[in-house]
Amino acid sequence: MNYDHKKIEAFWQAYWAEHQTFKANNATDKPKYYVLDMFPYPSGAGLHVGHPLGYIASDIVARYKRHKGFNVLHPQGYDSFGLPAEQYAIATGQHPAITTAQNIARYREQLDKMGFSFDWSREVKTSDPNYYKNTQWIFAQLFEAWYDKNADKAQPISALIDIFTSQGNGKVNAACDDDTPTFSAEEWNAFPPERQQEILLKYRLTYLAETEVNWCPALGTVLANDEVINGRSERGGHPVIRKKMTQWSMRITAYAERLLTGLQSIDWSESIKESQRNWIGKSVGASITFHLQNSNENDPVIEVFTTRPDTIYGVTYLTLAPEHPLVEQITSTAQQQAVLQYKEEASKRSERDRMADTKTISGVFTGAYALHPLTHQPIPIWVGDYVLSNYGTGAVMAVPAGDDRDFAFAQFFKGKTGMPAIKNIFDKDISEGAYTEKGGFKLQNSDVLNGLDYKEAFTKAIETLIAAKSGARKVNYRLRDAVFSRQRYWGEPFPVYYVNNLPQLIDEKYYPILLPEVEKYLPTETGEPPLGNASVWAWDTESGAVVENAKVNNTTVFPMELNTMPGWAGSSWYWLSYMRDAAHREGFPESAEVNYWRDVDLYVGGSEHATGHLLYSRFWNKFLKDIGRVSVEEPFTKLINQGMILGMSAFAYRLEGTNTFVSKNRINGRKVQPLHVDISLLKDVTDELDIDKFKSWRADYANAEFELEDGRYLCGREVEKMSKSKYNVVNPDDICMQYGADTLRLYEMFLGPIDQAKPWNTAGISGVYNFLRKLWRLYAGENGLQVNDETPTEGMLKSLHKTIKKVNEDIESFSFNTSISQFMICVNELSAQKCRSRAVLEPLVVLLSPFAPHIAEELWHLLGHNQSVEYTPYPLHEDKYLVESTKEYPVSFNGKVRFKRDFPADMAPSEIEKAILADAQTVAQLAGASPKKVIVVPNKIINIVM
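The opening position of the sequence shown corresponds to residue 1 in UniProt numbering, with each subsequent residue numbered one higher.
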């Protein structure tokens, strides 16, 4: 009766599906446990062995918690909107829905083969209209809300309108645009409706505004910062520029403080928390006003935020971001060409690149001056791309005497053509400016701060600025509002139409607003997003339906929004959708479901989502709590970031300028070009290249020649990120076919701690497979089951209970790799003891089942059980079996260990001395001599001194 993993795994996967073994119950008295994976984007490439790492870990916990008596929710779904499917549609003309469905089917097939205990009855797809109608509903709730800073929560926009109507906005403490005007109730009531709507957009939590974005002309869409690498799109490597566009944005900044304080209540890694703290970037300082030279009272001013108002007397120049709205307005005629050229160059660099670049000195003088708010001296105004328009005010005051970058900038441009006035200021401030021991300054006119420590100088400077009506205390956040528009087809449509260019919400009773059909997935010839190609994309307010564009009359039929929502829209609330059971999937999850499941107890996913998905999800969850749709502030109680499984790449070495490949040990200093080789072209997971397969792999290698060593061509190997482009991807289907899903699961956990990167080596997987076969032989022989009811020995019980204790502790601490090691030790010990006792082997099956569920189910069935092992209580260790009744002593002669002996753990040292001197091996070692001394260290060692 052999271990046939193919037959066993196919049977139990079918059994679980038929019996819905893992279906969660929304009506139960059991305590809940919600374990969730960051759901995948279903790419056409399918899964490689690096992808399931987190899924295996979460599955072990889900199965373990079921054994522990919890009602476990462990769902799965697909983040199925996105750019890759759209790019494929552009290239092939095939609708993204078709390729997405094919990719999902492929993912589902692969996931099922690995034996995950997902409740597939709750599956979600973000591109399913029944799902995204709720995403549209959330967008609508955000549109109809504003943030009340006094109440510290979102409130209905209708309440804000009531305040405006009765008292204006003078006393409203709200999160709103910086340029929001102040008005009385009389003025508000006199505004035409269009003006009122424009003002409300300055308060809404989702709003339209002109925003600096990353624009990729080749892809025809806006990209998020994390989709841009070194000024190029992550997908396709196309150039990306900074551009102003009217976009939908989410006012996440309103929640900045709650996003910060909430980090204190969740069990996440400190590195992820620190990433979010830095991204939110809370700063306490002052807002300082600089008037332009020769300006009038109503002329524009430059606002600067600084955390060091005490350096105000050291300000030598101002620097504006290239995108600052005043740049073109204040630039002198002589400097216009230089400034325009500099702005053009800066637009080609992403914000991320500009933030990361701390060495490049780049800038241009505007020809304009501002007045120092306290000394009233003229200060030159520069443009520099190290200043970001989306951080602070887009302007910084430069203090070369106290800041290294300001100093380097000043020194670089010191004395440049046309800059004599700046030269004089730099000379004076840099030579004389210095911090005193107490943190004050010795700069001109700074007597008011000299001799003060930092805190005193900070307070005094703000007081002085306030008295001069040039400053105020301010708390600033680095966090910017999130751009929520994408110029793409394959995304959620906005439930919005336009009247006189102002957005109007479509009533939620008409949701979902479905994506229209289009002939082309590219932007229109006039630069509109792909939805501009739709011929049926207008809203009829009378019939409540989408109608032909030709019917637009701007009276009852109006144009609709052409942008779609970004990929993070659907992923910012999906854990809530899983809370609904399969029979109740209409509408947003109801309070009973949400109050039962509350939040995700364990969330597993990549650390690369720290400042994207994880931040947006927390924002949306807090908003949904404000409007009463969820009961907790934070969506994910505990977060684990799985490490990356790295691939072992293979390289062939081609002599430069030839088509000759040199085996790795024959290079001998010659110039070669390392080329990635598909690892499937190596023989039997060795370094030897199958030359015939290599020649047929690509046409340009068909006539290649080879310099061999010992008749073989050996490739170089290197550990890299697993990627199709590096040809080092290992397909989990192949591993499951050859070794089984249980082997794959155990091996991935055995590679190392879950949160660390580790290299994949297929050659090492056979050891885990042999372990499962050895486990099988404990239970089954050639003639079938060989388990009996004999009483287990103390040694057998000790092996079992130390494993129970270890594995329980390891799962609770997510140390899965050490659990696998303990299983191997246990099986080796029980095999050596020829254990056949049901009292030992039956609980061992339950213990192993979260890790290797297929073989556990089969053995459980062989042991005579008709139900799945899944809900069997998990074993608990008994300390009495772990008590050491004997202790093994190394016996040394003059410090050298010669043999070992067991003695009772409670045996007195004097009795041990008598027993060891009478031992036959001791007598042989002494060879008739008398020992000078016998040293017995209780429970450690015996040393006989001769």
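Each residue gets a CB set at the ideal place from its N, CA and C atoms; glycine is no exception.
Judged by DSSP secondary structure, LYS244 falls outside any alpha helix (DSSP H) and instead within the beta strand (DSSP E) spanning 241-250. Within the same chain, Cβ atoms closer than 8 Å to the Cβ of LYS460 are found at ASP310, VAL448, LEU449 and LEU452, the five residues on either side in sequence being excluded. Per the coordinates, the alpha-carbon of ASP879 lies some 12 Å from the alpha-carbon of THR803. Under a 10 Å Cβ-count criterion, GLN102 is classified as exposed, with fewer than 16 other Cβ atoms of the shown protein chains found around its own Cβ. Secondary structure in the segment 862-912: the beta strand (DSSP E) runs of 3 residues or longer, each lying completely within the stretch, are 886-893 and 896-904 in chain order.
Taking GLN487 as reference, the option from GLU561, SER799, ILE820 and PHE191 with the minimal CA-CA separation is GLU561.
Bounds of the beta strand (DSSP E) holding PHE651 are 645-655. Per DSSP, the unbroken beta strand (DSSP E) holding HIS676 starts and ends at 672-677.
Taking ALA190 as the centre and dropping the five residues before and after it, the same chain places no C-beta closer than 8 Å to its C-beta. The C-beta distance from ASP626 to ALA154 rounds to 4 Å, short enough to meet the 8 Å contact threshold. Within its own chain, the residues whose Cβ lies closer than 6 Å to the Cβ of HIS5, once the five positions on either side in sequence are excluded, are GLY740, listed in chain order. DSSP lists ASP267 as the bridge partner or partners of LYS638. Nearest in C-alpha terms to PRO753, of all of ASP810, GLU508 and THR564, is ASP810. Taking a C-beta distance under 8 Å as the contact criterion, ASN169 and PHE183 qualify as a contact pair. Around the Cβ of ILE330, a 10 Å sphere holds 16 or more other Cβ atoms; the residue is buried. The criterion of a C-beta distance shorter than 8 Å is not satisfied by ARG901 and ILE56. In this structure PRO75 is buried. Its beta-carbon is surrounded by 16 or more other beta-carbon atoms within 10 angstroms. Under the three-state reduction of DSSP output, ASN808 falls in the helix class.
Between TYR88 and THR99 the beta-carbon gap is near 5 Å, inside 8 Å, which marks them as a contact. Restricting attention to ILE288, GLU210, LYS7 and TYR881, the CA atom closest to the CA of LYS798 is found in TYR881.
Buried is the label assigned to THR316, since at least 16 other Cβ atoms lie within 10 Å of its Cβ. Taken in chain order, the complete beta strand (DSSP E) segments of 3 or more residues contained in the segment 268-325 are 282-292, 301-306 and 317-320.
Within the segment 817-864, the complete alpha helix (DSSP H) segments at least 4 residues long are 838-848 and 853-862, listed from N- to C-terminus. Distance between ASN783 and LYS23, taken at the CA atoms: about 36 Å. Here the segment 364-383 lies against the segment 459-473, with 3 or more beta-carbon pairs under 8 Å apart.
With respect to the 8 Å criterion, SER571 and ASN595 are not classified as neighbours on the basis of their beta carbons.
If you draw a 10 Å sphere on the C-beta of ASN770, you find fewer than 16 other C-beta atoms in it, and that means exposed.
Rounded to the nearest whole angstrom, the C-alpha separation of ILE765 and GLU707 is 32 Å. GLU323 is positioned such that its CB atom lies closer than 8 Å to that of GLU212.
Between THR180 and ILE199, the alpha-carbon positions lie close to 7 Å from each other. Every alpha helix (DSSP H) of 4 residues or more that sits fully in the UniProt domain "Aminoacyl-tRNA synthetase class Ia" (720-747) is shown, in chain order, as 732-738. By the CB criterion at 8 Å, VAL399 and VAL304 fall outside the cutoff. In this structure, the CA atom of ALA334 is about 39 Å from the CA atom of PRO523. As the crow flies, the alpha-carbon of ALA592 is around 10 Å from that of ARG580. Annotation: the segment 554-627 contains the following complete segments of the beta strand (DSSP E) (minimum length 3 residues), in chain order: 557-559 and 602-605. For PRO493, the pairing in a beta bridge is given by DSSP as THR564.
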